[in-house]
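J.:
2 protein chains.
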Amino acid sequence: MTSDHDDGYVLALDVGGTGLKGALIGPDRRHVRYQERRPTPRAAGPDAVVEGVLGFAHELYETGRDRYGAPPLAAGVIFPGIVDEERGTAVYAANLGWRDVPLRRLLSERLHGTDVRVGHDVRAGGLAEARLGAGARATGGRFFFVSLGTGIACAISTGDGRMETGAHGGAGELGHIVVRPGGEKCGCGQHGCLETLASAAAVTRAWAVAGGDPTATAADAARAVDAGDPAALAVWDTAVDALADGLLTGISLLDPELVIIGGGLGEAGETLLTPLRAALTRKATFQRLPDLVPAALGDAAGSLGAGLLAWDAVTAAGAGALPHAPKGRSHDRH
Amino acid sequence: MTSDHDDGYVLALDVGGTGLKGALIGPDRRHVRYQERRPTPRAAGPDAVVEGVLGFAHELYETGRDRYGAPPLAAGVIFPGIVDEERGTAVYAANLGWRDVPLRRLLSERLHGTDVRVGHDVRAGGLAEARLGAGARATGGRFFFVSLGTGIACAISTGDGRMETGAHGGAGELGHIVVRPGGEKCGCGQHGCLETLASAAAVTRAWAVAGGDPTATAADAARAVDAGDPAALAVWDTAVDALADGLLTGISLLDPELVIIGGGLGEAGETLLTPLRAALTRKATFQRLPDLVPAALGDAAGSLGAGLLAWDAVTAAGAGALPHAPKGRSHDRH
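From first to last, the protein sequence lines stand for chains A and B.
Position one of the first sequence corresponds to residue 149 (our numbering), numbered consecutively onward.
Position one of the second sequence corresponds to residue 149 (our numbering), numbered consecutively onward.
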């Protein structure tokens, strides 16, 4: 089957604390036809970020229309924070300064009435890994997609093809499991959260202190671990130990078949996964341990996930016009 | 609508570490027509427990046939441990000494070919609370049913009418979340599990030590708390503090709308729930707290849940024979 331009395309927007990623994605869901990035104008305040997103989306819309002679069939936009997917609003996004932003309405107006879907960045990434990436290894569909970035978040799937949102859009806050009671104060106000010990940002901070280089990154720390640097190994061990404790808690509660590790720190691959598997094996008693694998889609998971939200809207609109929805899509409408 | 004897009944068996509860339940699902209890012959070994369950089930079968002139339409049996609901086997049950017991086949043979469903005791209790009890307060269906008994277990529902089993039947082990790293050794081999601090058994042990009465129960401790006994308050505070930490972890991961507290310690009602709500409010930072309510079905949740498993089998068999299943039951067949 060809992904002919006649089959249309969708607009995908991944809004992060530092950058905006835009993409136009074809009907095979995994084919990014066009992409563009720009910085998030965070310093200019929350309203400027909203305007930046709307303006960028509109430029992508015009780019698509110029290239393919038609507007996008739908648009998907994702961000980190509390999302009300039903109403299409950004309830709260600390990194963007957003509170109760009616994102779907604003974007749809700016995009001349295009159907817009709003989602959570890590849940969208999990959806993409589930359908297009490493999630295919969880035959029963029960997995965690853990993003180790500036913070730590987790998309949880309990086997029905969707990512769990929780009652108020707040599910998946693995980074705020307290693994070291009375430990370092977290940005959230609790003490000893997993995020203070095992996020890419936490490892970067700890390695900068241990290595004395304030410009070093988590990737530098991973390279130093590979080179056998004892200070780097100590930093790594602290992160791995905390991460194993946090994951084991999630495993005790939900018994997933697979854990997919992504985000900046996830790019360390086996440098992270090998000691993490060993720590889990050492700590587990009755728990059946899931397979632990790297994310397959890397940096593109978010954009592809935003594209899936948009394509699902297209499919649902099509299905709604038919007397019988295609069986294989029924889980999309939960 | 009357629940006429002509509409049939099912056989429900709740197998616990100390007692077996048998019941015959009518088509309204909540009407227990007949019930009987006997001790679990645990001292005689795992095979004797299996034989005890089979013999008891057969007596209930004959009682039903004598009373109502017909055999049960189906049977449901539940127990604490790892359950393979698909294959109908008891994979592992520490309290019963069971390992890989083909419970569905054995029971079906003993009950002259009756359709048998096998389930997890706390998940079945959660299902009963969801459909017949306190779960009706969670309009989106996202809740925890926490049983504070000899151990601590939790049924988790993520909103689609079923209780999450996990990939290997192991979901819901809230009692084995480590809340006090390096704390008391748990029966599971880990240290500082929630179960070592906040189960009915843990409170009973702590209160026996504090009060000097080795025959005291968790209910005695609750009464002493109500009377303002300082030693009892100290025991209670330790349990409440640990329970709040464990629940907050579950809330961060899954964002439920409702937490239902049951089991022996749950019978303390507001003596437990009032300080627990206060501890959660004190500890939570970004989390939206769920409503915290007592279980509505008490001791009967397990039997009613086993009955629901059996009635669902009856409904599924009926639906399978029809061109269209009744819409309201579709979630039963996940």
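Glycine is no exception: its CB is placed at the ideal position from the N, C-alpha and C atoms.
So, helix, strand or coil for A:His324, using DSSP?
T.: Taking the first sequence and counting its residues from 1, the one referred to as residue 324 of chain A is at position 176. Correct three-state label for A:His324: helix.
J.: If we define contact as Cβ-Cβ less than 8 Å, is A:Gln183 a contact residue for chain B?
T.: What you label residue 183 of chain A is simply residue 35 of the first sequence in a count that begins at 1. No, A:Gln183 does not count as interfacial toward chain B.
J.: Would you list, in chain order, the members of the segment 313 to 332 of chain B that have their beta-carbon closer than 8 Å to a beta-carbon of chain A?
T.: Taking 8 Å as the Cβ-Cβ cut-off against chain A, the residues of the segment 313 to 332 of chain B that qualify are Thr313, Gly314, Ala315, His316, Gly317, Gly318, Ala319, Gly320, Glu321, Leu322, His324, Ile325, Val326, Val327, Arg328 and Pro329.
J.: How big is the Cα-Cα spacing for A:Asp368 and A:Val383?
T.: Locating residue 368 of chain A in the first sequence gives position 220, where the first residue counts as 1. Locating residue 383 of chain A in the first sequence gives position 235, where the first residue counts as 1. Taking the straight line joining both Cα atoms gives about 12 Å.
J.: When you compare only the Cα positions, how much space is there between A:Thr463 and A:Leu159?
T.: Mapped onto the first sequence, residue 463 of chain A falls at position 315. Mapped onto the first sequence, residue 159 of chain A falls at position 11. Each residue's alpha carbon lies about 15 Å from the other.
J.: Below 8 Å on C-beta distance, what does B:Gly283 contact in chain A?
T.: If you number the second sequence from 1, residue 283 of chain B lands on position 135. Correct list: empty, because the minimum Cβ distance to chain A is about 13 Å.
J.: The beta strand (DSSP E) with A:Ala301 in it runs from where to where?
T.: The residue given as residue 301 of chain A occupies position 153 in the first sequence. Residues Ile300 to Thr306.
J.: Taking the Cβ atom as the reference point for each residue, do A:Glu405 and A:Ala286 lie within a distance shorter than 8 Å?
T.: The residue labelled residue 405 of chain A in the question sits at position 257 within the first sequence. The residue labelled residue 286 of chain A in the question sits at position 138 within the first sequence. Cβ atoms of A:Glu405 and A:Ala286: closer than 8 Å.
J.: Between which two residues does the beta strand (DSSP E) carrying A:Arg181 extend?
T.: Taking the first residue of the first sequence as 1, we reach residue 181 of chain A at position 33. Note, A:Arg181: beta strand (DSSP E), Val180 to Pro187.
J.: Within this structure, are the beta carbons of A:Leu296 and A:Ile409 separated by less than 8 Å?
T.: Taking the first sequence and counting its residues from 1, the one referred to as residue 296 of chain A is at position 148. Taking the first sequence and counting its residues from 1, the one referred to as residue 409 of chain A is at position 261. In contact: A:Leu296 and A:Ile409 (Cβ atoms closer than 8 Å).
J.: Kindly indicate the opening and closing residues of the alpha helix (DSSP H) around A:His206.
T.: Working through the first sequence from its first residue, we reach residue 206 of chain A at position 58. Here the alpha helix (DSSP H) through A:His206 covers Pro194 to Tyr216.
J.: What separation, rounded to the nearest whole angstrom, lies between the Cα atoms of A:Ile325 and A:Gly394?
T.: Against the first sequence, residue 325 of chain A aligns to sequence position 177. Against the first sequence, residue 394 of chain A aligns to sequence position 246. Roughly 7 Å separates the two Cα atoms.
J.: Can B:Gly164 and B:Phe204 be called in contact, C-beta distance under 8 Å?
T.: By 1-based counting over the second sequence, the position of residue 164 of chain B is 16. By 1-based counting over the second sequence, the position of residue 204 of chain B is 56. Against a cut-off of 8 Å, the Cβ pair of B:Phe204 and B:Gly164 comes out as no contact.
J.: For a test of the three-state rule: what should DSSP assign to A:Asp439, helix, strand or coil?
T.: The residue given as residue 439 of chain A occupies position 291 in the first sequence. If DSSP states are grouped into helix, strand and coil, A:Asp439 belongs with the strands.
J.: Are the segment 359 to 377 of chain A and the segment 312 to 324 of chain A in contact at 8 Å, needing three or more beta carbon pairs?
T.: Not touching, per the Cβ criterion.
J.: In whole angstroms, what is the alpha-carbon distance linking B:Gly476 and B:Glu210?
T.: The residue you call residue 476 of chain B lines up with position 328 of the second sequence. The residue you call residue 210 of chain B lines up with position 62 of the second sequence. Only weak support exists for where B:Gly476 lies, its pLDDT of 38 falling under 50; the value from the coordinates is given anyway. Each residue's Cα considered, the two are about 33 Å apart.
J.: According to DSSP, A:Pro372 sits in a beta bridge with which residue or residues?
T.: Walking along the first sequence from the start, residue 372 of chain A turns up at place 224. In the sequence as presented, Pro is not what sits at residue 372 of chain A; that position holds Ala. DSSP lists no partner for A:Ala372.
J.: Could you list which residues in chain B have their beta carbon closer than 7 Å to that of A:Ser400, in chain order?
T.: Here residue 400 of chain A corresponds to residue number 252 of the first sequence, with the count starting at 1. Chain B residues near A:Ser400: Glu321, His324 and Ile325.
J.: Pop quiz: A:Leu424 and A:Leu391 are said to be a contact at Cβ under 8 Å. What is the actual Cβ separation, rounded to whole angstroms?
T.: Counting from 1 along the first sequence, the entry for residue 424 of chain A is found at position 276. Counting from 1 along the first sequence, the entry for residue 391 of chain A is found at position 243. Contact flag correct, Cβ pair sits at about 6 Å.
J.: At 9 Å on the CB atoms, spell out the chain A contacts of B:Glu343, in chain order.
T.: What you label residue 343 of chain B is simply residue 195 of the second sequence in a count that begins at 1. Per Cβ cutoff of 9 Å: no residues; B:Glu343 is ~11 Å from chain A at best.
J.: For B:Ala372 and B:Ala276, I'd like the C-alpha separation in whole angstroms.
T.: Along the second sequence, one-based indexing puts residue 372 of chain B at 224. Along the second sequence, one-based indexing puts residue 276 of chain B at 128. Each residue's Cα considered, the two are about 32 Å apart.
J.: So is A:Arg436 in contact with chain B if we call contact Cβ pairs under 8 Å?
T.: Here residue 436 of chain A is taken as the residue at index 288 of the first sequence, counted from 1. It does: the Cβ of A:Arg436 has a partner Cβ on chain B nearer than 8 Å.
J.: What is the DSSP secondary structure of A:Ala364, counted as helix, strand or coil?
T.: On the first sequence, residue 364 of chain A is found 216 positions in, with the first residue counted as 1. The answer is coil: DSSP assigns A:Ala364 none of H, G, I, E or B.
J.: Of the residues that make up the segment 373 to 402 of chain A, which ones have a beta carbon closer than 9 Å to any beta carbon in chain B?
T.: Answer set for the segment 373 to 402 of chain A: Asp393, Leu396, Thr397, Gly398, Ile399, Ser400, Leu401 and Leu402.
J.: Are there 16 or more other CB atoms within 10 angstroms of the CB of B:Pro362, so buried, or fewer, so exposed?
T.: Your numbering for residue 362 of chain B matches position 214 in the second sequence. When all chains shown are included, B:Pro362 counts as exposed.
J.: Hey, out of A:Ala223, A:Ala218 and A:Val249, whose CA is closest to A:Gly229's CA?
T.: In the first sequence, residue 229 of chain A corresponds to position 81, counting from 1. Measuring from the Cα of A:Gly229, the nearest candidate turns out to be A:Val249.
J.: Could you compute how far the alpha carbon of A:Gly331 sits from the alpha carbon of A:Ala349?
T.: Locating residue 331 of chain A in the first sequence gives position 183, counting from the first residue. Locating residue 349 of chain A in the first sequence gives position 201, counting from the first residue. Looking at the two C-alpha atoms, the distance is approximately 17 Å.
J.: Determine the chain A residues that contact B:Glu233 at a beta-carbon separation under 9 Å, and present them in chain order.
T.: The sequence position of residue 233 of chain B within the second sequence is 85, counting from 1. Neighbours of B:Glu233 on chain A: none; closest Cβ ~13 Å, over 9 Å.
J.: Count the other CB atoms, across all protein chains shown, that sit within 10 Å of the CB of B:Arg215; report buried if there are 16 or more and exposed otherwise.
T.: Mapped onto the second sequence, residue 215 of chain B falls at position 67. Burial call: exposed.
J.: Closer than 6 Å by C-beta to A:Leu470: which residues in its own chain qualify, once you throw out the five before and the five after it? Chain order, please.
T.: Position 322 of the first sequence, counted from the start, is the residue given in the question as residue 470 of chain A. Bear in mind that the predicted position of A:Leu470 carries a pLDDT of just 45, short of 50, making it too unreliable to give a figure here.
J.: In angstroms, rounded to a whole number, what distance separates the CA positions of A:Leu202 and A:Leu255?
T.: Here residue 202 of chain A refers to the residue found at position 54 of the first sequence. Here residue 255 of chain A refers to the residue found at position 107 of the first sequence. In a straight line, the C-alpha of A:Leu202 is about 6 Å away from that of A:Leu255.
J.: Quick one, which of A:Trp246, A:Gly307, A:Ala242 and A:Met311 has its alpha-carbon nearest A:Thr298's?
T.: Position 150 of the first sequence, counted from the first residue, corresponds to residue 298 of chain A. A:Thr298 has its Cα closest to that of A:Ala242, out of A:Trp246, A:Gly307, A:Ala242 and A:Met311.
J.: Residues bridged to A:Cys341 by DSSP?
T.: Within the first sequence, numbered from 1, the residue matching residue 341 of chain A stands at position 193. The partner list for A:Cys341 (beta bridge, DSSP) reads A:Val326.
J.: According to DSSP, is A:Ala458 part of a helix, a strand, or is it coil?
T.: Stepping through the first sequence from its first residue, residue 458 of chain A is reached at position 310. Three-state result, A:Ala458: helix.
J.: If we require 4 or more residues per run, which alpha helix (DSSP H) segments fall completely within the segment 387 to 428 of chain B?
T.: 411 to 414, all fully within the segment 387 to 428 of chain B.
J.: Starting from the C-beta of A:Asp263, find all residues in its chain whose C-beta is less than 6 Å away, skip the five residues before and the five after it, and write them out in chain order.
T.: Along the first sequence, read from residue 1 onward, the residue named residue 263 of chain A stands at position 115. Excluding residues within five positions, the ones whose Cβ falls inside 6 Å are Ala222 and Ala461.
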